[in-house]
Each structure stands twice: as C-alpha cells, then as structure tokens.
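Student: Protein chains in written order, with the numbering used here: chain W, 57 to 282; chain Y, 57 to 282. We put the beta carbon where it would ideally sit given N, CA and C, even for glycine.
Number of protein chains: 2
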Amino acid sequence: MSRSIAVLGGTGPEGFGLARRWVKAGETVIIGSRDAKRAQQAADKIRACVPNAQVSGDENSVACVSADVVVLTVPFEGHAALLKHIKPAIRPGSIVVDATVPLAASVGGRAIRTLGIWQGSAAQEAAELLPNVAVVAAFQNMAADLLNGDGPVECDVIVCSDDASALQSVRGLAAKIPGVRAIDGGKLENARILEQMTALLVGLNIRHKGHSGIRITGLPNEKYKT
Amino acid sequence: MSRSIAVLGGTGPEGFGLARRWVKAGETVIIGSRDAKRAQQAADKIRACVPNAQVSGDENSVACVSADVVVLTVPFEGHAALLKHIKPAIRPGSIVVDATVPLAASVGGRAIRTLGIWQGSAAQEAAELLPNVAVVAAFQNMAADLLNGDGPVECDVIVCSDDASALQSVRGLAAKIPGVRAIDGGKLENARILEQMTALLVGLNIRHKGHSGIRITGLPNEKYKT
C-alpha cells in the first residue's frame, strides 16, 4: 500500500516512537513539527538506524498536504490551534488519528488528572473542528518509552471512530507495531474513556515506576490475531 | 484473620460472585439484600457447594452491624439510598468498598455510558455520605460471569482510596480471588476512571461477545505478586 502517514508532533517522544515503528514496518512517514528543520532532523535520526527508510520531515501543515493519514501527537495545549492550522491542508478523504490526551498538566495542573472537554474528549473536539474528515481516536495509552525501544510493545490499542472503514485502517496501522493488539472500541464518544485512562496510567507509572499500558482480557482471541 | 465481610447487593451476579469467591477462600461473609430471605437463600446456595462455608444472609443494614468490611455491589439507582440506610449500622473503623458504576442504564440510558457524578464518581459520593468511614473503590471492572465460574478470573483489580491502610486491606481481599492481581491505583478521586472503564468494557462485551476485564502491563512484577 502506498499510503503516506504524517505524524504531527513527531519530534516528541510519543510521535517519534510511532513514526519510527511505522518506518521500520515499511510505511512511508512524514514527520511534522512546527519547525521544519527539527522535523527533518528527526527523520534523519530514523533514517540513520532503519535500512531503506521511507521518511521525511516538514512543517506540520506541509506534512499534511501529501498524507493519507494524519496522526496528532501533540500536547493538549496546542491541540485546537494545530487543528485550525492544518485544516486547509488536509486532503479530502484522509483520516485524522487523534492520540491527544487533555492532561491537566496542559494548564499547569497535574498529569494524573484530565481536563473536562465540552465535546466529551479531545478527539471529539477534533471531529468538531474537522467536520469533513474521518477522525479516529487511538494510541493514547502507549508508553512512549516502550515505543522508542526495540522490543515488542506489550499493550492493546483501543481504536474508536464513527467511521467504520477508518477505524479498521487504523487498527491495521496499530497492528504494525510488534506486540500491539488493536481492538475495535466502538464510537468516537468512547475516546473520553481512553483519554482518562492515560491519566490513570500516568499515576501508575509514577507510583510504581513502570511504563504501563493495558491489555483487555476475556475477548474471543481469534478476532484479535493481527 | 476473623474479619467479616458484608456484601450488599449480594444476591446480584457481581455481589454473589464476589461473596462465593471469598467464602471459598475461607473468609466469613454475610450476604446483604433488601430482602433477608433472598439473602439467606443466596447464602444457602453458596453453602451447598463450598465445604465448611462461613456464610450467612441478612437484610443490608443488619448485615453491616457485624461486618468489618462492607462491599457495595448495587445498581447505581439504589446507591445513595442504600448508603443513607446503612449509615447508622456501619461500625466505626470498618471499611466500605464501593464497586458501584453509575451506568446511564440506571436512568433508562445505555450501559455503555456513564452518568456524571457531581463528586466525581460513585465512590466519592459514598465518601461524602459516609464521612467517618474509609471508602475504597474497587471491583468495578470484573466480569460477573467469570467471577461466578470456577476458573481463575483473568484480570487486575485497581484499588483506590485516600486511606492507605484500607487500600492495602482491600488489595489483600482482591488477591484472594484466583487470577486477580490487585494494584494500588492511588487516591479515591481516580475511581471516576475505574467507573468509566466499566462502560468501555460493557461496550466491548456487546461488540465482541466477551467477558472483558483489564490487565495493566509494564509494571514491575515483584511488587504485584500476591
């Protein structure tokens, strides 16, 4: 498949980790940043350690222009502004994946608490700001440290969207990361739960010095072999 | 230890499952119900299949009188009324464990959504109504079907409380259930996340015909061997 994935905020630990994993899996990735030069440096860093890497770097909205999938991995304080900034650049028919978590740390509070979002979640705010795009919520609960390592990432990625086809595409993308099982989590409204779970996991990481993630137990396994 | 555990709402699937598991583990359990006779029938049912069972049944507030630990497993629509009803009966120094989830089904909505609770969560509402008692949030995310089976229950129980000693006691109780790992989830305010996770799991159960639960990955295991 010749799709192209823009990872906005891709110089941060979560975005960089996702970008690197997808490049390793043979995907074509454009790292997006406010600063094109920093984005290119991040792309160089991946190219230096992955043979035949298909990766470049550019300013966030430029990165969107040629992307089929746009992944948002930015701190919540930059979320709405970024969405407005990239809106004209997003191609019709592309998918926007929102991994943003509205941690209270965004407004000087604690990373173990979330802010209340009027629309219900950051992902639903994205859907409101981008009414003609399929918005998918995913990747909120992955430990960036594990994503940036070389081992399998032992966690499930719960994927939520009101667009069934976009949801399946993003399940496929998640499953490209070794160790990950990608689960259909239903409608986009459920993103509020995924986002809050991150605050719980941050608390567990602080309390127990871990890099926590989640696995869902008790599901029929056949369906989730990827 | 000669503690006594009252499971209120213990004739329902979640409460009955917990009661039976604890009786099997050698704990002394009083099943509580609005109807003492139904509570006694539930106790008889456990006694019939567990040798040397220490189990009885009684009306909810009577069940509290001799209990060291009171576990609430009632539908949210009965939660506040039950707390007011049992308040005079709860012994000083006892622990109240709240497994209640404010599913929107309580007011005719869907079980895949939760109601907003002014205090943040059902467990925090309990703490407000019982200011002199150690309230612990736990057991919201266990599949009742697995609890009522005989195999290990493959899930983690995240335990939250502002009372560190009560939290540890309830971790011990959770760990009596085969398969369960009991995790310190921090302050009671985090109960809001545990309660919402249940709505997500209900959705997964409907969508994927499972009996879902969660495991936290990425924590240092030593600490969680129970």
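To be precise: take each residue of the region 257-272 of chain Y, compare its Cβ to all Cβ atoms of chain W, and keep it if any distance is under 9 Å. Which residues remain?
Tutor: Answer set for the region 257-272 of chain Y: L257, G259, L260, N261, I262, R263, H264, K265, G266, H267, S268, G269, I270, R271, I272.
Student: Just mark C216 of chain W as buried or exposed, buried being the case when its beta carbon has 16 or more other beta carbons within 10 Å.
Tutor: Counting Cβ neighbours within 10 Å, C216 of chain W comes out buried, since at least 16 surround it.
Student: Ignore the nearest five residues each way along the sequence and tell me which others in A173 of chain Y's own chain have a CB closer than 6 Å to its CB.
Tutor: The displayed chain sequence assigns Ile, not Ala, to residue 173 of chain Y. Closer than 6 Å at the Cβ level, and outside the excluded window around I173 of chain Y, lie P158, E181.
Student: Against D219 of chain W, what residues of chain Y qualify as contacts under a CB-to-CB distance less than 7 Å, listed in chain order?
Tutor: What D219 of chain W touches in chain Y: nothing, since even the nearest Cβ is about 16 Å away.
Student: Roughly how many angstroms lie between the CA atoms of G266 of chain W and L203 of chain W, to the nearest whole one?
Tutor: Going from the Cα of G266 of chain W to the Cα of L203 of chain W covers about 14 Å.
Student: Taking contact to mean 3 or more Cβ pairs, one atom from each stretch, closer than 8 Å, check whether the region 130-137 of chain Y and the region 161-173 of chain Y are in contact.
Tutor: In short, these stretches touch, since the Cβ pair count reaches three.
Student: Take the Cβ of D283 of chain Y as the centre, count every other Cβ of all protein chains shown within 10 Å, and call the residue buried at 16 or more, exposed below.
Tutor: This structure cannot speak to residue 283 of chain Y, because chain Y is shown only from 57 to 282.
Student: For my contact list, H141 of chain W and S112 of chain W are in at a C-beta cut-off of 8 Å; report their separation, rounded to the angstrom.
Tutor: Not really, about 19 Å apart at Cβ, beyond 8 Å.
Student: Which runs of the beta strand (DSSP E) fall wholly inside the region 210-280 of chain W and span at least 3 residues, in chain order?
Tutor: Runs of the beta strand (DSSP E) inside the region 210-280 of chain W: 212-217, 237-240, 269-273.
Student: Considering only their Cβ atoms, is the gap separating D124 of chain W from I102 of chain W smaller than 8 Å?
Tutor: No. Outside cutoff.
Student: Where A104 of chain W and L229 of chain W are concerned, what is the direct C-alpha to C-alpha distance, given to the nearest angstrom?
Tutor: For A104 of chain W and L229 of chain W, the distance between alpha carbons rounds to 23 Å.
Student: Whose Cβ in chain B lies nearer than 7 Å to the Cβ of I249 of chain Y?
Tutor: Within the model displayed, chain B is absent; protein chains W and Y are what it includes.
Student: Does the beta-carbon of N108 of chain Y have 16 or more other beta-carbons within 10 angstroms, so that it is buried, or is it exposed?
Tutor: N108 of chain Y comes out exposed.
Student: By the three-class DSSP mapping on this structure, what secondary structure does D154 of chain Y have?
Tutor: Three-state result, D154 of chain Y: strand.
Student: With a threshold of 8 Å between beta carbons, is G241 of chain W in contact with chain Y?
Tutor: With 8 Å as the cut-off, G241 of chain W counts as an interface residue toward chain Y.
Student: On the three-state DSSP scale, how would you describe D7 of chain Y?
Tutor: Any answer about residue 7 of chain Y is impossible in this case: the structure gives chain Y only from 57 up to 282.
Student: Could you tell me the alpha carbon to alpha carbon distance between L275 of chain W and A200 of chain W, rounded to whole angstroms?
Tutor: L275 of chain W and A200 of chain W: Cα-Cα distance of roughly 26 Å.
Student: Any chance you could list the beta strand (DSSP E) runs of at least 3 consecutive residues sitting entirely within the region 159-204 of chain Y, in chain order?
Tutor: Segments of the beta strand (DSSP E) lying fully in the region 159-204 of chain Y: 190-193.
Student: Measuring CB to CB, does S122 of chain W end up less than 8 Å from I86 of chain W?
Tutor: Closer than 8 Å, so yes.
Student: Using 8 Å for Cβ pairs, my map puts L64 of chain W next to L185 of chain W. What's the rounded Cβ distance?
Tutor: That belief does not hold up - the Cβ atoms of L64 of chain W and L185 of chain W are roughly 14 Å apart, past 8 Å.
Student: Are the C-beta of A199 of chain W and some C-beta of chain Y separated by less than 8 Å?
Tutor: For A199 of chain W, the answer is yes, since a Cβ of chain Y falls inside 8 Å of its Cβ.
Student: Helix, strand or coil: how does DSSP classify A136 of chain W here?
Tutor: Helix.
Student: In its own chain, which residues sit with a C-beta less than 7 Å from the C-beta of R166 of chain W, not counting the 5 before and 5 after it?
Tutor: Correct list, in chain order: A160.
Student: What in chain Y is Cβ-close to G274 of chain W, meaning under 7 Å?
Tutor: Under the 7 Å cutoff, chain Y gives A199, L202, E210, G266, H267, S268, G269.
Student: With a cut-off of 8 Å, does the C-beta of N116 of chain W fall near any C-beta of chain Y?
Tutor: Output row for N116 of chain W: interface = no.
Student: Note down, in chain order, each residue of its chain lying with its Cβ closer than 6 Å to the Cβ of P208 of chain W, except the 5 sequence neighbours on either side.
Tutor: P234, G235.
Student: In chain W, which residues lie with their C-beta within 7 Å of the C-beta of N246 of chain Y?
Tutor: Neighbours of N246 of chain Y on chain W, chain order: L256, G259.
Student: Within 10 Å of its beta-carbon, does N261 of chain W have 16 or more other beta-carbons around it, so buried, or fewer, so exposed?
Tutor: With 16 or more other Cβ atoms within 10 Å, it is buried.
Student: With E24 of chain W and R90 of chain W assumed to form a contact (beta carbons below 8 Å), what rounded beta-carbon distance in angstroms separates them?
Tutor: Chain W is shown from 57 up to 282; residue 24 of chain W falls before or after that span and cannot be answered.
Student: With DSSP collapsed to three states, give me the class of I146 of chain Y.
Tutor: In the structure shown, I146 of chain Y sits in coil (DSSP, three-state: anything other than H, G, I, E or B).
Student: Which residues mark the beginning and the end of the alpha helix (DSSP H) in which A73 of chain Y is found?
Tutor: Looking at the sequence shown, residue 73 of chain Y is not Ala but Gly. Residues 69-80.
Student: Assuming contact is defined by CB atoms lying nearer than 8 Å, are S177 of chain Y and R227 of chain Y in contact in what I supplied?
Tutor: Result no, Cβ atoms of S177 of chain Y and R227 of chain Y do not sit closer than 8 Å.
Student: For G149 of chain Y, tell me which candidate among Y:Q110, Y:V191, Y:W78, Y:A81 has the shortest Cα-Cα distance.
Tutor: Cα-wise, what sits closest to G149 of chain Y is Y:V191.
Student: Name the one or two DSSP bridge partners that V121 of chain Y has.
Tutor: Its beta-bridge partners do not exist; DSSP assigns none.
Student: Less than 8 Å separating the beta-carbons of I214 of chain Y and L250 of chain Y?
Tutor: Yes, the pair counts as a contact, with Cβ atoms nearer than the cut-off.
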